[in-house]
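Numbering (my numbering), first residue to last: 2 to 692. Okay, structure first, notes after.
Structural data, given as structure tokens:
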């Protein structure tokens with residue numbers, strides 16, 4: 002009895018400590034080996050509930066052990082060896098725990114996650130970025146405690162479930178299916194994930210025999226090939242380039258709506274934004290190749306070996322960025338590879354020149370530093386020690402520390418062991434210096450003949466057009482994608498008498514990106530180029546099509562009907578960029594399909610509804626606001642958007658709502674919406690009105 006009282010006192014002391022201190026104490030006391038959980042979701046109440054089993058081994062004698070669990074409600078407990086209770090953010094096991102003994106904790110629970118699980122009408126998915134899985138599944142927020150997770154997910158029989166690991170079976174229980182998944186190896190808790198929705202899949206097998214599942218919404222069946230183009234090539238390349246076999250049972254890729262980021266490398270199951278689902282035309286502008294390669298690279302760098310602390314975060318993001326770029330080089334060639342390095346070098350140099358440069362080991366560094374400076378550091382390191390030594394060091398590093406946590410020094414030790422080259426100066430310049438080593442980068446870029454040629458053309462910017470016409474014409478006759486664009490941008494604001502033949506050459510090049518550069522830069526269309534500019538409406542680029550439609554409609558009123566008819570059935574990207582522009586223009590084009598204008602208006606307003614993804618809604622709000630088409634329904638949709646889980650969309654929606662509240666025309670209409678929107682949206686609206 003006295004011991005139990007002491008344990009409770011100890012618990013209270015622990016609760017008052019900081020989380021980081023608790024986690025540091027915990028990893029030395031207990032090793033969580035495995036979590037088995039059977040989980041159901043309630044979309045109406047936005048909650049998860051289920052049965053939970055944790056297996057853990059005690060490393061040091063103790064009378065209390067915890068798991069992270071935010072706002073958990075324990076419904077039933079099955080434990081004889083120790084008691085189980087909960088506080089605001091944790092589940093506690095209290096008892097007399099012996100060294101080297103393995104225990105099991107069993108209980109039933111429910112949670113209403115405020116983040117990490119996202120409920121939509123047609124999908125439910127998780128995003129445990131960093132340390133947030135504990136909002137829906139009792140787990141360990143510390144990345145240094147790796148656990149084997151075996152999940153069973155319950156879902157309506159008409160839905161598909163994807164989760165980490167291999168699908169063992171699907172059992173039908175009345176109108177519910179139970180999907181059971183198995184993981185063979187341990188991972189950090191933030192990499193646990195599931196998605197429930199309407200999905201079909203395409204199946205591939207890598208050269209090494211790894212099953213690859215490419216998921217898609219049935220409505221996007223025609224986008225599967227362009228979206229997942231090169232997926233098998235990327236997988237095979239990374240396995241060969243990294244030199245260590247893919248470390249998991251299988252690999253899945255899942256597009257989800259309203260995703261918070263581009264992608265997330267959940268172990269064996271990358272989730273990515275459905276905005277990357279594109280058709281063959283959209284592929285030219287916004288393809289998934291980079292995100293595809295980056296998240297796959299994380300299966301080694303981040304998932305197999307995990308940075309032990311934030312100051313080593315570049316070991317995940319820098320490596321994933323670099324190896325993704327190598328995969329893109331394999332797909333698109335050397336010019337693309339060096340162009341991307343050049344673009345990021347320009348960004349890093351600008352940040353450094355402004356005095357905002359950051360050490361790669363700064364735990365609070367920006368994404369630009371962790372991702373792009375990290376990739377540059379590896380590019381320079383490979384050039385310094387040679388490709389053979391670099392690949393040996395990477396492979397040894399991964400094999401030595403697989404399924405564990407790492408520091409930068411762990412990687413450096415493997416580099417030193419693989420080469421006789423002194424890397425001391427590289428460490429100082431690329432790991433510790435906050436300034437970007439632009440001269441090193443410049444010399445590395447000059448090894449590309451393409452970059453040398455690009456620098457020669459870009460150096461012409463300050464010259465008068467009369468002195469560089471020959472060089473620009475040469476660049477535009479058989480243009481490289483990037484050099485051709487540079488040549489087009491140098492024509493801007495120059496006399497048409499000098500540039501007309503050059504623009505004609507650019508149009509006639511039939512290079513998609515050169516022609517796109519014309520659409521983006523030539524804001525005033527000369528009559529002499531009207532016919533050529535009109536041909537941009539037919540290019541295989543939605544960026545070009547959208548820009549061309551707007552500019553032509555604005556500048557040639559007598560042909561507006563013709564332009565609208567040419568683009569009438571085009572949807573564009575996933576956000577319906579061309580369709581929504583078309584609807585807006587059709588509504589304000591006098592005399593155009595007058596009998597259908599009400600249909601056009603209804604369709605445009607409809608896209609502001611929560612039924613659609615935030616990318617579609619954001620564009621709809623912009624057009625509704627531009628044309629002042631607000632009514633109670635669209636205002637209600639805007640208020641709901643202010644509490645959307647995607648913070649960037651919520652932020653722009655809040656700004657727009659704030660502007661409308663300043664308008665007397667809409668203020669009173671918005672005030673009465675508090676009883677017609679969700680509680681969360683009503684609370685935000687009330688706070689805005691009171692200000």
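Backbone N, C-alpha and C define an ideal beta-carbon position, used for all residues, glycine too. All figures in this text were calculated on a predicted structure; none of them were measured in a lab.
According to DSSP, residue 203 shares a beta bridge with 215. Fewer than three pairs of CB atoms, one per stretch, sit closer than 8 Å, so the stretch 590–601 makes no contact with the stretch 629–646. Looking at the DSSP output, residue 307 sits in a beta bridge with 406. In the DSSP assignment, residue 451 falls within the alpha helix (DSSP H) that extends over 450–459. The beta-carbon distance between residue 620 and residue 644, rounded to whole angstroms, is 19 Å. This is too long to meet the 8 Å contact definition.
Under the three-state reduction of DSSP, residue 628 is assigned to coil, being neither helix nor strand. The beta carbon of residue 108 sits closer than 7 Å to those of 53, 75, 77, 78, 79 and 85, all from its chain and outside the five residues before and after it, given in chain order. Distances from the alpha-carbon of residue 574 to those of 611, 274 and 626 put 274 closest. Annotation: the continuous beta strand (DSSP E) that includes residue 68 extends over 63–69.
Of 191, 119 and 105, the smallest CA-CA separation from residue 135 is found for 191.
Inside the stretch 389–446, DSSP marks whole alpha helix (DSSP H) runs of 4 or more residues at positions 409–419 and 439–446, from first to last along the chain. For residue 238, the three-state secondary structure derived from DSSP is helix. When secondary structure is reduced to three states using DSSP, residue 655 falls in the helix class. Annotated as distal: residue 383 and residue 437, with beta-carbon spacing of 9 Å or more. The residue among 457, 41 and 479 with its C-alpha nearest the C-alpha of residue 469 is 457.
The beta carbon of residue 350 sits closer than 6 Å to the beta carbons of 437 and 439 from its chain, once the five residues preceding and following it are set aside; these are given in chain order.
Residues 87, 92, 110, 112 and 139 of the same chain have their beta carbon placed closer than 7 Å to that of residue 73, with the five preceding and five following residues left out of the count. Exposure of residue 103 is indicated by the presence of fewer than 16 other C-beta atoms within 10 angstroms of its C-beta.
Comparing alpha-carbon positions, the option among 26, 416, 171 and 247 lying closest to residue 391 turns out to be 416.
Its chain contains 212, 213, 214 and 215 as the residues whose beta carbon lies nearer than 8 Å to that of residue 204, once the 5 sequence neighbours on both sides are disregarded; these appear in chain order.
In the three-state reduction of the DSSP assignment, residue 352 falls in the helix class, which pools H, G and I. For residue 58, the beta-bridge partners assigned by DSSP are 32 and 103. By the CB criterion at 9 Å, residue 36 and residue 149 fall inside the cutoff. Three or more Cβ pairs closer than 8 Å define a contact, and the stretch 45–61 falls short of that threshold against the stretch 163–180.
When 510, 494 and 513 are compared, the shortest CA-CA separation from residue 524 is found for 494. Restricting attention to 625, 386 and 40, the CA atom closest to the CA of residue 422 is found in 386. DSSP lists 124 and 161 as the bridge partner or partners of residue 198. In the DSSP annotation of this structure, residue 271 is not part of any alpha helix (DSSP H); the continuous beta strand (DSSP E) holding it starts and ends at 270–274. Judged by DSSP in its simplified three-state form, residue 558 adopts helix. For residue 68, the number of other beta carbons within 10 angstroms of its own is at least 16, and it is reported as buried.
Shown here for residue 341: same chain residues with a beta carbon closer than 8 Å to its own, the five before and five after excluded, namely 326 and 329 in chain order.
When only Cα atoms are considered, residue 359 and residue 552 end up about 41 Å apart. Residue pairing by DSSP places residue 174 opposite 177 in a beta bridge. Counting only runs that start and end inside the stretch 584–624, the alpha helix (DSSP H) elements of at least 4 residues fall at 598–607.
Contact between residue 324 and residue 298 holds: their C-beta atoms lie close to 4 Å from each other, under 8 Å. The Cβ-Cβ distance between residue 483 and residue 336 falls below 9 Å.
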